[in-house]
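Going by this note's numbering, the first residue of the first sequence is number 93, and it counts up by one from there.
Ideal Cβ placement from N, Cα and C applies to all residues, glycine included.
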Amino acid sequence: MSIPRTRPRPAAPGLPAAADPIHQRIVATVDSIPRGRVASYGQVALEAGLPRRARLVGRVLSSLPQGSKLAWHRVVNAAGLISTSGAVAREQRRRLRAEGVPVDVRGRVDLAEHGWRP
DNA sequence: TATATGACGACGA
DNA sequence: ATCGTCGCCATAT
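This is the structure we're talking about:
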């Protein structure tokens, strides 16, 4: 029997990424981070049932549509540092401070103090 | 098909 | 604390 030489394809080529169930779990997890707390990319991945997929979380957040209501600003890297840059980083810092999360001059949040502990 | 590149992270020196 | 290395994996080139 010859095996079809077709590789598995991403479920629906052409459908919006938001339709992907993996993507949805990540979004749902970020949505569960309480106001005033922050989580790391790796932590979000873990909570979403996707261990070691931190980069995927970053990729999903970086491709959110403009005007998304998701609290993407509550996600920082494992060191507590804002991982975005430029105008996005300034917006993230602004939003965090606006909800009572201190961000130091280097763009760092104290995870021991404001980290999300589900 | 091969390499490079990230909104990352764990680890060892 | 800082740095390099490696693992990770979807996209881009």
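- In this structure, DSSP gives R145 a state outside helix and strand, which the three-state scheme calls coil.
- For V197, no pairing in a beta bridge is given by DSSP.
- Each residue's CA atom was taken as its position, placing E191 and D112 some 30 Å apart.
- At the C-beta level, V130 and V193 come within 8 Å of one another.
- As computed with DSSP, G207 is found in a beta bridge with V130.
- With contacts defined by Cβ atoms closer than 8 Å, A120 and Y133 do not form a contacting pair.
- As a beta-bridge residue in DSSP terms, V167 pairs with A131.
- The alpha-carbon separation between S177 and R185 amounts to approximately 10 Å.
- Annotation for P126: W208 place their beta carbon closer than 8 Å to its own, counting only its chain and skipping 5 residues before and after.
- DSSP places L188 in the helix class (H, G or I) of the three-state scheme.
- For P157, there is no enclosing alpha helix (DSSP H), as DSSP marks it with neither H nor E.
- In this structure, L188 lies near V195, with their beta-carbon atoms less than 8 Å apart.
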